[in-house]
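*Asks:* Here's a structure for you.
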Amino acid sequence: MTFHPEILCPFCGLGCGDIGIDLDDSGIAPRPSGCPQADRLFRRSLSVATDARLAGTPVPADRAVAEAARLLGSARAPLIAGLAADVEGVLAALTLAARIGATVDHERSDALFRNLAVLRRFGWSVTTLAELRNRCDLVLVVGRDPAAAFPRLWERWVAPAPAFVPGGGRSVVFLGGEPLPETVQCLAGQIETQGLDSDPQPDLATLVTRLRTALAGRATDDDRMAELAARLRAARYAVVVWAAGLFEGPQPDLTVEALVRLVRTVDGTTRCAGLPLSGADNLIGANQACTWRTGFPLRTGFQAGAPFHDPDRFDWRERLRNADVTLWISAFRPEAPEFVTGGSVIMLAPPETAVTPEPALFIPVGTPGIDHAGDVFRADSVVALHAGALIDRGLPSVADVIGRMLAALEQSAGTGAETREEAGC
Ligand code: SF4
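Mapping of the sequence shown onto the working numbering: position 158 corresponds to residue 158, and the numbering continues sequentially without gaps.
Now the structure itself:
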């Protein structure tokens with residue numbers, strides 16, 4: 001058995017670089033990391049079925065790629081979604097989308113667009129995980145505990161004493177959300193709560209409104225909010241943390257908007273910034289790559305021959321209704337959401353993935369950071385991380401498979417042109 005220390009984790013977007021991995025003849029297994037996602041997703045067997053499947057029947061890789069190219073090349077309304085791949089895989093998917101006139105979106109882009117909708121309207125002042133860890137003396141956590149999606153957030157980025165705060169003290173205030181889970185135990189004496197002990201508990205929008213009222217200096221009968229407003233103003237560097245994907249209710253972007261305004265108010269008298277968290281399965285990297293390549297974020301389509309962005313119409317759940325062929329990409333985790341489409345589905349996913357119903361075509365791919373090296377972005381958007389390969393199971397990357405599809409499309413286009421030329425067309 002070989003032990004690999006300090007392996008980078010590519011899954012949720014926090015970029016923990018301290019995972020210990022054991023490798024033996026059966027595969028890889030993580031040492032307990034305190035993270036349920038890493039402990040589950042780093043466990044991979046060397047003996048997996050690496051065959052592609054066409055309507056459930058194993059086929060050679062060349063046949064699968066040719067069939068994918070045929071389906072995608074003849075599609076009227078193709079969709080490329082999931083989009084859970086390393087940066088190279090996403091760039092390949094964008095090239096394919098431009099080639100066939102497809103729409104692109106990431107499975108987890110809801111949280112991103114709840115934030116982007118507000119960024120577009122107001123702009124915002126946000127910070128990084130490193131600033132949170134090193135400079136922040138007051139953390140205001142709004143809504144459900146973000147550790148539900150980012151399991152080691154508190155342990156890695158908040159529990160350590162801040163390097164640049166005199167005295168090293170820090171307080172963490174939870175506003176709204178549900179009773180605090182075990183994930184916050186590492187914060188020990190730093191934790192306080194606002195609005196968790198009322199019965200009935202006010203909804204999140206109400207709590208944020210009360211805090212903004214207190215910050216504006218208007219009379220409020222909520223002493224706790226007046227006290228919290230005073231503490232925000234007295235902090236050296238307050239950071240407001242939220243995970244918009246965990247907000248419930250009909251208009252979560254309005255809560256994000258209220259938080260952006262709150263940060264702006266506090267930032268007028270002391271230092272304050274937001275930390276909007278979204279980003280599992282390289283969501284942020286996919287969005288960055290789409291923006292570099294097209295000038296637009298995700299939910300961009302190439303139907304008109306040039307990129308066109310529509311955050312509502314090009315939501316993958318909407319496009320699925322009309323897509324005649326969907327290329328679903330899910331390289332990080334052996335699971336795919338249940339979705340219904342009247343069209344054909346081509347799925348690129350790890351071989352362990354159990355899919356029901358069986359897609360028209362399943363092509364197994366490797367996971368970045370396990371089967372091959374790859375770049376992913378951290379959840380705060382500012383750091384690109386390089387994850388190395390751990391094992392060789394003979395699985396191609398998403399970029400490899402899509403590159404072969406593009407070559408097959410070019411080949412068939414060339415063959416078609418030659419045939420037309422010979423026929424005198
Ligand atoms: S918190 Fe996120 S990055 Fe860290 S080990 Fe867990 S899944 Fe990986």
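Backbone N, C-alpha and C define an ideal beta-carbon position, used for all residues, glycine too.
How far does the alpha helix (DSSP H) with CYS290 in it extend, from its first residue to its last?
*Replies:* Here the alpha helix (DSSP H) through CYS290 covers 283-294.
*Asks:* Specify, as a first and last residue, the run of the beta strand (DSSP E) that VAL90 falls within.
*Replies:* It is not in any beta strand (DSSP E) - VAL90 instead sits in the alpha helix (DSSP H) that spans 87-100.
*Asks:* Say yes only if the C-beta of ARG44 is nearer than 7 Å to one or more non-hydrogen atoms of ligand 1, and no if none qualify.
*Replies:* The answer is no for ARG44.
*Asks:* Closer than 7 Å to a non-hydrogen atom of ligand 1 - does that hold for the CB of ILE284?
*Replies:* The answer is no for ILE284.
*Asks:* Considering Cα atoms alone, identify which of ARG293, ALA286, GLY301 is closest to ILE329.
*Replies:* Out of ARG293, ALA286, GLY301, ALA286 has the C-alpha closest to the C-alpha of ILE329.
*Asks:* Look at the alpha carbon of VAL184 and the alpha carbon of CYS35, and state the distance between them as a whole number of angstroms.
*Replies:* C-alpha separation (whole angstroms): 13 Å.
*Asks:* Considering only C-alpha positions, which residue in the set ASN134, GLY249, ASP371 is nearest to ALA426?
*Replies:* Outside the shown range of the chain, which is 1 to 425, sits residue 426, and nothing can be said about it.
*Asks:* Any idea what DSSP makes of THR2, helix, strand or coil?
*Replies:* Strand, per DSSP.
*Asks:* What runs of the beta strand (DSSP E), each 3 residues or longer, lie entirely inside the segment 375-405?
*Replies:* Counting only runs of 3 or more, we get 384-387.
*Asks:* At which residues does the alpha helix (DSSP H) containing GLN37 begin and terminate?
*Replies:* Taken as a continuous stretch (DSSP letters only), the alpha helix (DSSP H) holding GLN37 covers 36-41.
*Asks:* If we require 3 or more residues per run, which beta strand (DSSP E) segments fall completely within the segment 106-168?
*Replies:* Listed in chain order, they are 138-142.
*Asks:* Within 10 angstroms of the Cβ of GLU155, are there 16 or more other Cβ atoms? Answer buried if so, exposed if not.
*Replies:* It is buried - the Cβ of GLU155 has at least 16 other Cβ atoms within 10 Å.
*Asks:* Closer than 5 Å between the C-beta and any heavy atom of ligand 1: which residues qualify, listed along the chain?
*Replies:* Result (chain order): CYS9, PHE11, CYS12, LEU14, CYS16, CYS35, GLN37, ALA38, PRO151, ARG152.
*Asks:* Comparing C-alpha positions only, which one of VAL208, TRP242, VAL240 sits nearest to ALA226?
*Replies:* Measuring from the Cα of ALA226, the nearest candidate turns out to be VAL208.
*Asks:* Give me the DSSP bridge partner(s) of PHE362.
*Replies:* Paired residues: ARG53, MET347.
*Asks:* Looking at the structure shown, is GLY245 part of a helix, part of a strand, or coil, going by DSSP?
*Replies:* Of the three classes helix, strand and coil, the one that applies to GLY245 here is helix, per DSSP.
*Asks:* Would DSSP call GLN194 helix, strand or coil?
*Replies:* GLN194 falls in the strand class under three-state DSSP.
*Asks:* Count the other C-beta atoms from every protein chain shown that fall within 10 angstroms of the C-beta of GLN194, then say buried if there are 16 or more, exposed otherwise.
*Replies:* With 16 or more Cβ atoms within 10 Å of its Cβ, GLN194 is classed as buried.
*Asks:* Taking contact to mean 3 or more Cβ pairs, one atom from each stretch, closer than 8 Å, check whether the segment 93-111 and the segment 121-138 are in contact.
*Replies:* Short answer: they don't touch.
*Asks:* Answer with buried or exposed for ARG53, where buried requires no fewer than 16 other C-beta atoms within 10 angstroms of its C-beta.
*Replies:* So ARG53 ends up on the buried side.
*Asks:* What is the DSSP secondary structure of ARG313, counted as helix, strand or coil?
*Replies:* It is coil, neither helix nor strand.
*Asks:* Select from ARG99, ILE100, GLY369, ALA234 the residue whose C-alpha is nearest the C-alpha of ARG393.
*Replies:* Per the Cα distances, GLY369.
*Asks:* Looking only at its chain, what residues have a beta carbon closer than 7 Å to the beta carbon of PHE302, apart from the 5 residues adjacent to it on each side?
*Replies:* Only ALA97, ALA98, GLY101, ALA102 meet the Cβ criterion.
*Asks:* Does the distance between the C-beta of TRP242 and the nearest non-hydrogen atom of ligand 3 fall short of 7 Å?
*Replies:* This structure does not include ligand 3; its bound ligands are ligand 1.
*Asks:* Check this for me: beta carbons of VAL398 and ALA92, under 8 Å apart or not?
*Replies:* Taking 8 Å as the Cβ cut-off, VAL398 and ALA92 qualify as a contacting pair.
*Asks:* Have a look at GLY189 and VAL173 and give me their C-alpha separation to the nearest angstrom.
*Replies:* Each residue's Cα considered, the two are about 11 Å apart.
*Asks:* Determine the closest residue to VAL90 out of ASP39, ASP281, PRO146, PRO350, with distance taken between C-alpha atoms.
*Replies:* Among ASP39, ASP281, PRO146, PRO350, the Cα nearest to that of VAL90 is on ASP281.
*Asks:* Thinking C-beta only, is ALA379 closer than 8 Å to ALA14?
*Replies:* It should be pointed out that residue 14 corresponds to Leu in this sequence rather than to Ala. Yes, the Cβ-Cβ distance between LEU14 and ALA379 is below 8 Å.
*Asks:* For GLY249, I'd like the list of residues in its chain whose CB is within less than 8 Å of its CB, leaving aside the five on either flank, ordered along the chain.
*Replies:* These residues qualify, in order along the chain: ASP203, LEU204, ALA205, THR255.
*Asks:* Given that a residue counts as buried once 16 or more other Cβ atoms are within 10 Å of its Cβ, and exposed if not, what is VAL266?
*Replies:* Flag for VAL266 reads buried.
*Asks:* Does the separation of the CB atoms of VAL365 and ALA331 fall below 8 Å?
*Replies:* Yes, these two residues count as a Cβ contact at 8 Å.
*Asks:* When the Cα of PRO166 is compared with those of CYS136, CYS186, GLN288, LEU23, which residue comes out closest?
*Replies:* The candidate whose alpha carbon is nearest that of PRO166 is CYS136.
*Asks:* Measuring alpha carbon to alpha carbon, tell me which of ALA64, PHE3, PRO30, ARG76 ends up nearest ALA304.
*Replies:* For ALA304, the nearest C-alpha among the options comes from ARG76.
*Asks:* Is ASP203 helix, strand or coil by DSSP?
*Replies:* It is coil, neither helix nor strand.
*Asks:* Are there 16 or more other CB atoms within 10 angstroms of the CB of GLN37, so buried, or fewer, so exposed?
*Replies:* Counting Cβ neighbours within 10 Å, GLN37 comes out buried, since at least 16 surround it.
*Asks:* Could you give the C-beta distance for VAL104 and LEU298, rounded to a whole number, given that I count them as a contact under 8 Å?
*Replies:* Rounded, the Cβ-Cβ distance is 6 Å, consistent with contact.
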